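J.: Numbering (the working numbering), first residue to last: 1 to 535.
All C-beta atoms in this analysis are idealised placements derived from N, C-alpha and C, irrespective of residue type, glycine included.
Quick caveat, the model's predicted, so the values are computed rather than measured.
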């Protein structure tokens, strides 16, 4: 067996030597430099007219480049049957007549690597297969799948662990084998899965993939600061905006609100989608009509723009910069996945909280942060699925799916358990075995669980309603459209264009509308009259 990791994309760096050697350029090149300098000056002047936003040390991370780095080959410590560690799985299979199985997993951490190797060791000990595992950066996963489908650069794997945003679209394109998924669900026990998670990915009456785990997006805020200023809990747009305005402090570099805004990040799109559904802004209805021009969507976009433009760190923000702003004590509110929870408690050796109070109490932020799973009464869930592709040997892939959700499942759920609420709730004999145990597993190589740190009430909130949370397009049967939007980062791009000053909020919503309907061939509604005033 071999293990491949596709590393995260890195930011392209400017070359200072370019400016040192500009005297060697020809006239055309000198003219280009002059024009570029004038453009840069104009943009700089424009930025002076923009309302000031706080600059924090945490916001100075480089912008990720969309260009993927070549995969790094890592030898897995345990060989599959055949014993030749350097030979590809297909060669091993030919040598011993065992079927081959290639698995792509959208995780890259060493902890996941160790857990997956342990799981595969157990699988091949009981099932004769040659397994090849590739750990794929989530940002690269859709492009690698696309490449595998349209070219010979990569072979499509047999199994893909992936986010729900891609499930229905891949199934409708024939990438995922819905019959194999249905066979696996039937063999494992459909009644043992979260029924809402199964229903969200129905294609032609069949389950497109098997729901594995998920989590709710969180709004985390400095409860100590809120209490000092007698601010309301920020569970509404009004309370959020008032708090951001009150706690914003440019002199002391305190941002009122932080969230990723980089156009290359899916999280940029997800944060806005969360705020949109919290304001009852739906992307599309059951009849296929795009609803982005509705007043609820304009209100949500106006709120998003105002709170970020006025009270967030200056410049493009990433998942890392926003997390650091909060951990450094320079952010009053953050929208974040729950992977930040061990970090707030000072349990992550690689990411330590460095707020002023954290110097004497590493768990200060965990003890003094409010954690919400709902805004305006609405939550927003992320789900992960196990998909079997049309390339797979169905018998072998179904066997692995059965193993994943039985012998291997608890091993998987224990790695970064804070963002792995089980979507297989239990077994036939013990229907709530997995879901009731969640939250009690020690986290971050410590002796403490989420329940120990944050209490039973929050654990209950974190594990409830993940599959019934409001997501664009999925409840309306528009999963294929969602796949298109996420693969192309449609909203991440248009939101960053707005924040960069290209569009106002009204024009941004029109642009978003146009880009969405471009993915809907023969859109049946008249675009000019498709507005609230002209139904």
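#1: When you compare each of 520, 283, 352, 132 to residue 155 by their alpha carbons, which one comes out closest?
#2: Less than 8 Å separating the beta-carbons of residue 541 and residue 197?
#3: Could you give the distance in angstroms between the alpha-carbon of residue 432 and the alpha-carbon of residue 310?
#4: Count the CB pairs spanning the region 444 to 457 and the region 212 to 232 that are closer than 8 Å, and state whether there are at least three.
#5: State buried or exposed for residue 527, treating a residue as buried only when at least 16 other CB atoms are found within 10 Å of its CB.
#6: Would DSSP call residue 222 helix, strand or coil?
#7: Per DSSP, residue 255 is paired with what?
#8: Give the straight-line distance between the Cα atoms of residue 223 and residue 368, rounded to the nearest whole angstrom.
#9: To which residues does DSSP link residue 104 through a beta bridge?
#10: Just to confirm before moving on: does the CB-CB distance between residue 307 and residue 241 stay below 8 Å?
#11: Run through the region 499 to 530 for me and flag every whole alpha helix (DSSP H) of 4 or more residues, listed as ranges in chain order.
#12: Pick helix, strand or coil for residue 382, following the three-state DSSP scheme.
#13: For residue 459, which residues from the same chain have a beta carbon less than 7 Å from its beta carbon, with the 5 sequence-adjacent residues on both sides left out?
#14: Confirm, please, whether the CB-CB distance from residue 499 to residue 373 is below 8 Å.
#15: May I ask which residues mark the beginning and end of the alpha helix (DSSP H) holding residue 126?
#16: Determine the DSSP secondary structure at residue 190, reduced to helix, strand or coil.
#17: Counting only runs of 4+ residues fully inside the region 396 to 472, write out the alpha helix (DSSP H) ranges in chain order.
#18: With a threshold of 16 other CB atoms inside 10 Å of the CB of residue 84, please say whether the residue is buried or exposed.
#19: Please list the terminal residues of the continuous beta strand (DSSP E) segment that includes residue 370.
#20: Grab me the residues of residue 518's own chain with a C-beta within less than 8 Å of its C-beta, minus the 5 sequence neighbours each way, in chain order.
#21: Assuming residue 279 contacts residue 130 (C-beta within less than 8 Å), just tell me the rounded distance between them.
#22: From the DSSP output, in three-state form, read off residue 211 for me.
#23: Taking only three categories from DSSP, how would you classify residue 206?
#24: Thinking residue 384 and residue 417 are a contact (beta carbons under 8 Å), I'd like their distance in whole angstroms, please.
#25: Determine the direct distance from the alpha carbon of residue 265 to that of residue 254, and round the result to whole angstroms.
#26: Taking the straight line between their C-alpha atoms, what separation do you get for residue 348 and residue 108?
#27: Where do the N-terminal and C-terminal ends of the alpha helix (DSSP H) with residue 267 fall, by residue?
#28: When the Cα atoms are used, what is the spatial distance from residue 262 to residue 127?
#29: Classify residue 521 as buried or exposed, calling it buried when 16 or more other Cβ atoms lie within 10 Å of its own Cβ.
#30: Can you find at least 3 beta carbon pairs, one from the region 112 to 119 and one from the region 349 to 363, that sit closer than 8 Å?
#31: Cα-Cα, which of 160, 494, 151 is closest to residue 389?
#32: Taking just the CA atoms, how far does residue 465 sit from residue 471?
#33: Below 8 Å between beta carbons: does that hold for residue 169 and residue 479?
#34: Nearest to residue 221 by CA position, among 391, 341, 210, is which residue?
#35: Could you have a look at residue 344 and say whether DSSP puts it in helix, strand or coil?
#36: For the alpha helix (DSSP H) that contains residue 309, what are its first and last residues?
T.: Once the coordinates are examined:
#1: By 1-based counting over the chain shown, the position of residue 155 is 155. Checking every option, the nearest Cα to that of residue 155 belongs to 132.
#2: Nothing about residue 541 can be reported from this structure: the residues present for the chain run from 1 to 535 only.
#3: In the chain shown, residue 432 corresponds to position 432, counting from 1. In the chain shown, residue 310 corresponds to position 310, counting from 1. Whole-angstrom Cα-Cα distance: 46 Å.
#4: no
#5: Counting from one through the chain shown, the residue named residue 527 turns up at place 527. Exposed.
#6: Walking along the chain shown from the start, residue 222 turns up at place 222. Strand at residue 222.
#7: Your numbering for residue 255 matches position 255 in the chain shown. The partner list for residue 255 (beta bridge, DSSP) reads 331.
#8: As a working note, residue 223 is residue 223 in the chain shown. As a working note, residue 368 is residue 368 in the chain shown. Using only the alpha carbons, I get a separation of about 5 Å.
#9: Walking along the chain shown from the start, residue 104 turns up at place 104. BP columns for residue 104 point to 134, 160.
#10: To locate residue 307, count along the chain shown from 1; it is residue 307. To locate residue 241, count along the chain shown from 1; it is residue 241. Result yes, Cβ atoms of residue 307 and residue 241 sit closer than 8 Å.
#11: 505 to 517
#12: In the chain shown, residue 382 corresponds to position 382, counting from 1. Strand.
#13: Residue mapping note: residue 459 aligns to position 459 of the chain shown, counting from 1. Correct list, in chain order: 439, 450, 451.
#14: The residue you call residue 373 lines up with position 373 of the chain shown. The residue you call residue 499 lines up with position 499 of the chain shown. Contact flag unset, no.
#15: Start at 1 with the first residue of the chain shown, and residue 126 comes out as number 126. Segment 110 to 126, the alpha helix (DSSP H) holding residue 126.
#16: For this step, residue 190 is matched to residue 190 along the chain shown. Reduced to three states, the DSSP call for residue 190 is helix.
#17: 409 to 413, 433 to 437, 450 to 454, 456 to 463
#18: One-based indexing of the chain shown puts residue 84 at position 84. Summary for residue 84: the model assigns pLDDT 28, below 50, so the residue's position carries little reliability, and this model does not support an answer.
#19: Within the chain shown, numbered from 1, the residue matching residue 370 stands at position 370. Segment 369 to 372, the beta strand (DSSP E) holding residue 370.
#20: Start at 1 with the first residue of the chain shown, and residue 518 comes out as number 518. So no residue of the chain qualifies.
#21: Position 279 of the chain shown holds residue 279. Position 130 of the chain shown holds residue 130. Not a contact, Cβ separation roughly 51 Å.
#22: Here the question's residue 211 lines up with position 211 in the chain shown. The answer is strand: DSSP assigns residue 211 an E or B state.
#23: Residue 206 sits at position 206 when you count from the first residue of the chain shown. If DSSP states are grouped into helix, strand and coil, residue 206 belongs with the strands.
#24: On the chain shown, residue 384 is found 384 positions in, with the first residue counted as 1. On the chain shown, residue 417 is found 417 positions in, with the first residue counted as 1. Going by Cβ atoms, the distance from residue 384 to residue 417 rounds to 13 Å, so no, they are not a contact pair.
#25: What you label residue 254 is simply residue 254 of the chain shown in a count that begins at 1. What you label residue 265 is simply residue 265 of the chain shown in a count that begins at 1. The straight-line gap from Cα to Cα measures roughly 24 Å.
#26: In the chain shown, counting from the first residue as 1, residue 348 sits at position 348. In the chain shown, counting from the first residue as 1, residue 108 sits at position 108. Answer to the nearest angstrom: the Cα atoms are 17 Å apart.
#27: Here residue 267 corresponds to residue number 267 of the chain shown, with the count starting at 1. Here the alpha helix (DSSP H) through residue 267 covers 266 to 278.
#28: For this step, residue 262 is matched to residue 262 along the chain shown. For this step, residue 127 is matched to residue 127 along the chain shown. Going by the C-alpha atoms only, they are around 44 Å apart.
#29: Taking the chain shown and counting its residues from 1, the one referred to as residue 521 is at position 521. The residue is exposed, with fewer than 16 neighbouring Cβ atoms inside 10 Å.
#30: no
#31: Taking the first residue of the chain shown as 1, we reach residue 389 at position 389. Ranking the options by Cα distance to residue 389, first place goes to 160.
#32: For the purposes of this step, residue 471 is identified with residue 471 of the chain shown, where counting begins at 1. For the purposes of this step, residue 465 is identified with residue 465 of the chain shown, where counting begins at 1. One C-alpha to the other measures close to 12 Å.
#33: Indexing the chain shown from 1 puts residue 169 at position 169. Indexing the chain shown from 1 puts residue 479 at position 479. Their beta carbons are under 8 Å apart, which means residue 169 touches residue 479 by this criterion.
#34: On the chain shown, position 221 is the one that residue 221 refers to. Checked all of 391, 341, 210; the closest Cα to residue 221 is 341.
#35: For the purposes of this step, residue 344 is taken as the residue at position 344 of the chain shown. Here residue 344 sits in helix by DSSP.
#36: As a first step, residue 309 is located in the chain shown; it is residue number 309 there, counting from the start. Residues 295 to 311.
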